[in-house]
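Visitor: For the record, the sequence lines run as chains A, B and C. Heads up, this note's numbering is the position in the first sequence plus 18, with the first residue counted as 1. Heads up, this note's numbering is the position in the second sequence plus 2, with the first residue counted as 1. Heads up, this note's numbering is the position in the third sequence plus 12, with the first residue counted as 1.
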Amino acid sequence: MSENIYLPRMATIKSMRPETIDVTTFQIALNGTNGESRFDYESGQFAEVSVLGVGEAPISITSSPTPPETLEFSIRRVGQLTNALHELNVGDKIGIRGPFGNSFPLKELEGQNMLIIGGGIGLAPMRSVILNLFDNRKKYGKIDIIYGARSPQDLVFKSEYEEWQNVENTGLYLTVDRGDEEWKGNVGLVPNFLKEINPSPENTTGITCGPPIMIKFVVQALAELGFTSEHVITTMERKMKCGVGKCGRCNIGGKYVCLDGPVFTLKQLEEMPSD
Amino acid sequence: MVTKVKSKIIKKNRLTELLDKLAKEYDLIGPVQDNVISFKQVKSGSEITLDFVNSVLSPKNAFFPQTETLFRFSGDGEGFKAEPEPETDKERVIFGIRACDARSLHLMDMVFGGQLEDSYYMRKRAKTILIGLACFNPAETCFCPTFGIDPTSPEGVDIVFTDVDDRYWVQALTEKGASLLDQLAEFFDEPLGDEAKLKDAKAAGLTKMKKLDVAGLPDKMEPLYNDAYWESIGMKCLGCGICTYLCPTCHCFDLVDEGRDEGGERFRSWDSCMFPDFTLMASGENPRPDQKARVQQRFFHKLKYFPDRYGEVACTGCGRCLKYCPVNINITKIIGDVMSGKTKNE
Amino acid sequence: MTISSEELQAKIKKLFEEGTIDHFIGYEAGSDSLHTTPCFLKNGEQVSRLVWNPLCPYNLSKYLLDFREGEGRTGILVKGCDARSVVELLKQNQITRDEVFIVGIPCTGQVDPDKLLEVTGASPAEITGIKDEGDAFSVTVKGKTQKIDKQKLLRDKCMVCRYPTPPLYDTLLGEAVDSLPWVTDDYALVKEQESLSSEEKAAHWNNEFSQCIRCYACRNICPVCICKECIFDKKMPRWVTKSTALPENMVYHLIRAFHVAGRCVDCGECERACPMNIPLRSLNKKVEKDVLDLFDYTSGVDVDQPAPLTTYQTSDLEEFL
Chain A
19 MSENIYLPRM ATIKSMRPET IDVTTFQIAL NGTNGESRFD YESGQFAEVS VLGVGEAPIS
79 ITSSPTPPET LEFSIRRVGQ LTNALHELNV GDKIGIRGPF GNSFPLKELE GQNMLIIGGG
139 IGLAPMRSVI LNLFDNRKKY GKIDIIYGAR SPQDLVFKSE YEEWQNVENT GLYLTVDRGD
199 EEWKGNVGLV PNFLKEINPS PENTTGITCG PPIMIKFVVQ ALAELGFTSE HVITTMERKM
259 KCGVGKCGRC NIGGKYVCLD GPVFTLKQLE EMPSD
Chain B
3 MVTKVKSKII KKNRLTELLD KLAKEYDLIG PVQDNVISFK QVKSGSEITL DFVNSVLSPK
63 NAFFPQTETL FRFSGDGEGF KAEPEPETDK ERVIFGIRAC DARSLHLMDM VFGGQLEDSY
123 YMRKRAKTIL IGLACFNPAE TCFCPTFGID PTSPEGVDIV FTDVDDRYWV QALTEKGASL
183 LDQLAEFFDE PLGDEAKLKD AKAAGLTKMK KLDVAGLPDK MEPLYNDAYW ESIGMKCLGC
243 GICTYLCPTC HCFDLVDEGR DEGGERFRSW DSCMFPDFTL MASGENPRPD QKARVQQRFF
303 HKLKYFPDRY GEVACTGCGR CLKYCPVNIN ITKIIGDVMS GKTKNE
Chain C
13 MTISSEELQA KIKKLFEEGT IDHFIGYEAG SDSLHTTPCF LKNGEQVSRL VWNPLCPYNL
73 SKYLLDFREG EGRTGILVKG CDARSVVELL KQNQITRDEV FIVGIPCTGQ VDPDKLLEVT
133 GASPAEITGI KDEGDAFSVT VKGKTQKIDK QKLLRDKCMV CRYPTPPLYD TLLGEAVDSL
193 PWVTDDYALV KEQESLSSEE KAAHWNNEFS QCIRCYACRN ICPVCICKEC IFDKKMPRWV
253 TKSTALPENM VYHLIRAFHV AGRCVDCGEC ERACPMNIPL RSLNKKVEKD VLDLFDYTSG
313 VDVDQPAPLT TYQTSDLEEF L
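#1: Note down the Cα distance separating T128 of chain A from Y24 of chain A, rounded to an integer number of angstroms.
#2: Check whether the Cβ atoms of I290 of chain C and C234 of chain C sit closer than 8 Å, and answer yes or no.
#3: Can you give me the Cβ contacts of C237 of chain C inside the same chain, cut-off strictly under 6 Å, excluding the 5 residues immediately before and after it?
#4: What residue from C:Y175, C:Y75, C:H265 has the CA that sits closest to W217 of chain C's CA?
#5: With distance defined between alpha-carbon atoms, name the residue in B:I337, B:G343, B:I336, B:N330 nearest to P50 of chain C.
#6: What residues from the segment 241–267 of chain A come within 8 Å of chain B, judged by C-beta to C-beta, listed N to C?
#7: Between the beta-carbon of L304 of chain C and the beta-carbon of L329 of chain C, is there less than 8 Å?
#8: Whole angstroms is fine: what's the gap from S106 of chain B's alpha carbon to M171 of chain C's?
#9: Say whether chain C places a C-beta atom closer than 8 Å to the C-beta of P153 of chain B.
#10: For Y274 of chain A, list the residues DSSP reports as bridge partners.
#11: When DSSP builds the beta bridges, which residues end up paired with E66 of chain A?
#12: If I'm right that P85 of chain A touches N150 of chain A with Cβ under 8 Å, what's the distance once you round it to whole angstroms?
#13: Between which two residues does the alpha helix (DSSP H) carrying F152 of chain A extend?
#14: Helix or strand or just coil, what does DSSP make of R270 of chain B?
#15: If you run the structure through DSSP and keep just helix, strand and coil, what is A319 of chain C?
#16: Based on Cα-Cα distance, which residue from C:F244, C:M248, C:L258 lies nearest to N219 of chain C?
#17: Have a look at B:C146, B:T18, B:E192 and flag the residue whose alpha-carbon is nearest the alpha-carbon of S46 of chain B.
#18: So which residues on chain B does E74 of chain A lean against when the C-beta distance must stay under 8 Å?
#19: Does the beta-carbon distance from L62 of chain C to G38 of chain C come in below 8 Å?
#20: List the residues of chain C whose Cβ lies closer than 9 Å to the Cβ of W272 of chain B, in chain order.
#21: Listed in chain order, which residues of the segment 266–282 of chain A have Cβ atoms closer than 7 Å to some Cβ of chain B?
#22: Buried or exposed: which applies to H35 of chain C, given that a residue is buried once 16 or more other Cβ atoms fall within 10 Å of its Cβ?
#23: Assign A285 of chain C to one of three DSSP states: helix, strand, or coil.
#24: Using DSSP with H/G/I as helix, E/B as strand and the rest coil, what is P225 of chain B?
#25: Just the Cα atoms here: how many angstroms apart are K301 of chain C and M262 of chain C?
#26: Anyone know if the C-beta pair for V315 of chain B and F54 of chain B falls short of 8 Å?
#27: Would you call the CB atoms of I31 of chain A and L89 of chain A closer than 8 Å?
#28: Under 8 Å, do R94 of chain B and K129 of chain B count as touching if we go by C-beta distance?
#29: I need the DSSP call for S311 of chain C, collapsed to helix, strand or coil.
#30: Taking M341 of chain B as part of the alpha helix (DSSP H), name the residues at either end of that continuous run.
#31: Just by C-beta distance, which residues in the segment 234–252 of chain B are closer than 7 Å to chain C?
#32: Between G71 of chain A and chain B, is there a C-beta pair that is closer than 8 Å?
#33: Per the contact definition of three or more C-beta pairs closer than 8 Å, is the segment 79–90 of chain C in contact with the segment 135–146 of chain C?
#34: Can you tell me whether DSSP reads L132 of chain B as helix, strand or coil?
#35: Three-state secondary structure (DSSP) at H47 of chain C?
#36: Taking Y326 of chain B as the query, report the chain C residues whose CB atoms sit under 8 Å from its CB, ordered along the chain.
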């Protein structure tokens, strides 16, 4: 009898760290039958997270696959399920199915410079990449992280920025659409900020995630900066249910975001319809 | 395929008796007349009717029920634990499935099977014996020959019943079918020898069935993405679920939780890409915000995305979508327009 | 007698040429001899597609909702029943009077294709013509034309139609028809239901609703189901799921019947669209009769007459709205 692909495994919330008013990072431990606290995964993959009785939603994994015990999700409160998750407490049980989807080709990108561009909650899947790169720091060249949010209050993972900035040969560039009295950093939209920073495309791959409109302009900006479409990678989001390519919902053209994605190179996206 | 096809006959006046026996030994599912004809489980053979052209609902419900509990959960102090719905032990027989619907099961197998098997669907498939019925009286909306389907010879079934004269010619196409015939040997006689000829004579009357040219259809669809052609169809389309729910190959579903303090269940139910909230995300974004986009998705999925992924067009020519669409959207016209390049005149 | 397709085409072409309309919603030939289909014209060159015959059941007024706040004025071909729902859309402020140019067409009955096939014993391909001859339809089967008594072929809703002539129009194509001779008891359908006991009614409707597949065709085709976000699509809060369990189906049908109360014009499209042959008209007709009994009100006739369920009069039965 084959494994039941719809049955979630139970997991316990180990910690909840609020990032902003509506984003919290959850650390999860699977109640594994063999004592394992997580499944093996790669950066870019996602899991279907359930609150039994409320529903299920696809959430990208935000932790790096390197530390053996860690499984983290950074979740924004926006709909039925995410609202229910935010109402839970440490020690409560949730359901997890996964890992699903493909992953960023980080092995193939060894030796390259990495340019990570995130917007809003889009930094969550990017963080898995960033921490993964840091865990394998010597295998990559320069790492530049450009991140922006609507306002300083909406920036996520603030408690980790200092650590990131201290990693060797790594730059962190922050921007907000609207500043406030305390904000000393850049004010401006991410795509414009990117152009100002003017990173070189030489031996560099850009990875980006954020609101669809931001991705659109970032991709344009990267093209203007000389990045070829094989060297721009993004992760797409769609409403999902089964997560395994059967319920027919998440396709962009002939590709299921849950199966063939969510990670796509720009070259692949160019061949897909502009859904 | 069995090399030597086990071949028998059964007198028509014994059919009800046979079905009664099947209903006792198995869960018997067959075409039933209620408001309309659909495939339902019956307790006796007399509930089954074969006096119709095609059922409104295909038998896909028997493998992919419209509403199906996947698992239940209950609190046990430690938080909810999920228990999958147990498998029913009884074997089933579906009697009277036509060639178009038999083909659709083959197409659905590709979706629900594969590396990540949908056990709910697959276990039902494993536990079901399919008895097909040769069809000699297609509707004008039928166009199954388009997809290489011969309505008089259903494939992918375990047994075929062919109505000839005063009897049914009964042929087992698989081991499963052959052993069922052995089990029910009391009802069957040896063929008289003229069954094939009688069948061919009847089948000869079917030459006027619609057979569309679909060679290279997926490739012809490609340049029409976002074309204005879909606009006029989108304007007509009501966005209801009739085409998708009646279609034997449509497989989209929703996963829903019903919960209370003490527990609940997660079930799946049919869903339709025609509904406006199908791709609506919690953030409010909807990649298919209007009916033009949704109509386009449906036809592209059936005629391009599915064949690109699985190798076959996701249509069996049963004509139900065309027959029951409340505004007469016609898939045969659309296929014809795409194949002939006549998509510019709207 | 009713106008021909060619006469219709000429009239609509003129409307385009005069600049009276910028779009037109009408009927064109469909998938076979028994079906027409809605069509949307953008200019006078396209009028040759238009047809008018006894196989034009579609209530096109719902499509007006897709043209509002758009560019220009939309012409629409309406029978009596369709015009009544246009009146309702105007009453509910869903469209403005100057956005629409109502081309009314008197209709003395629409043919039910299922009845036609049964009565003639023919297949659709063998039926090559249907014409309205006043008291009968002349039907051409395999080359031979015969006259068939209308009452044998009419759609059920036409048997109780009190508005063969649109009650509101900008232009009328043809002679107004006062009444249809076969219309006697408007509510025979309902009285049958009312004569059943509660248990019998429950058994009847439980049986009908359990066959519903929740395709929502009835809701989507209904010209007075106009909510931008239907209560049945809402996720937060979620009133129904997509499950077809009987309680869910009942909630859907009964709430919809109440939501259209006082606005339903018995255009019959819900029942025509239903693939499971659920007798929706008898449900909505009962509510229609109740509205008539309680408020002495008929929907879809007078644009200026206040709608009973959204207007408060001191003589109302309840003390509050």
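Backbone N, C-alpha and C fix where the C-beta goes; we use that ideal spot for every residue, glycine too.
Guide: Working from what's here:
#1: Reading the sequence as shown, one finds Glu at residue 128 of chain A and not Thr. Going from the Cα of E128 of chain A to the Cα of Y24 of chain A covers about 35 Å.
#2: In this structure, the beta-carbon distance from I290 of chain C to C234 of chain C does not fall below 8 Å.
#3: Sequence-distant partners of C237 of chain C (beyond 5 residues in either direction) whose C-beta falls short of 6 Å from its own C-beta, in its chain, are R231.
#4: Of all alpha-carbon atoms in C:Y175, C:Y75, C:H265, the one lying nearest the alpha-carbon of W217 of chain C is that of C:H265.
#5: Ranking the options by Cα distance to P50 of chain C, first place goes to B:N330.
#6: Listed by position along the chain: E255, R256, K257, K259, C260, V262, G263, K264, C265, G266, R267.
#7: Result no, Cβ atoms of L304 of chain C and L329 of chain C do not sit closer than 8 Å.
#8: C-alpha separation (whole angstroms): 41 Å.
#9: No, P153 of chain B does not count as interfacial toward chain C.
#10: In DSSP, Y274 of chain A forms a bridge with A:N269.
#11: For E66 of chain A, DSSP records a beta bridge to A:P76, A:R115.
#12: With a Cβ gap of about 10 Å, P85 of chain A and N150 of chain A do not count as contacting.
#13: Its alpha helix (DSSP H) spans residues 141–153.
#14: R270 of chain B: strand per DSSP, three-state reduction.
#15: DSSP places A319 of chain C in coil when its eight states are reduced to three.
#16: For N219 of chain C, the closest of C:F244, C:M248, C:L258 by C-alpha to C-alpha distance is C:L258.
#17: Sorting B:C146, B:T18, B:E192 by C-alpha distance to the C-alpha of S46 of chain B places B:T18 at the top.
#18: L257, D259, R268, listed in chain order.
#19: Cβ distance < 8 Å, so L62 of chain C and G38 of chain C count as in contact.
#20: Below the 9 Å Cβ cutoff, chain C contributes I225, R226, K254, T256 as neighbours of W272 of chain B, in chain order.
#21: Correct list: G266, R267, N269, G271, G272.
#22: With 16 or more other Cβ atoms within 10 Å, it is buried.
#23: The answer is helix: DSSP assigns A285 of chain C an H, G or I state.
#24: P225 of chain B carries a helical assignment under DSSP once its states are collapsed to helix, strand and coil.
#25: Straight-line Cα distance between these residues: approximately 21 Å.
#26: Result no, Cβ atoms of V315 of chain B and F54 of chain B do not sit closer than 8 Å.
#27: No, the pair does not count as a contact, with Cβ atoms beyond the cut-off.
#28: Yes. Within cutoff.
#29: S311 of chain C falls in the coil class under three-state DSSP.
#30: For M341 of chain B, the uninterrupted alpha helix (DSSP H) run begins and ends at 333–342, by DSSP.
#31: Under the 7 Å Cβ criterion, the segment 234–252 of chain B contributes S234, M237, K238, L240, G241, C242, G243, I244, Y247, L248.
#32: At a cut-off of 8 Å between beta-carbon atoms, G71 of chain A makes contact with chain B.
#33: Not touching, per the Cβ criterion.
#34: Judged by DSSP in its simplified three-state form, L132 of chain B adopts strand.
#35: In the three-state scheme derived from DSSP, where H, G and I count as helix and E and B as strand, H47 of chain C is classed as coil.
#36: Within 8 Å Cβ-Cβ: P287.
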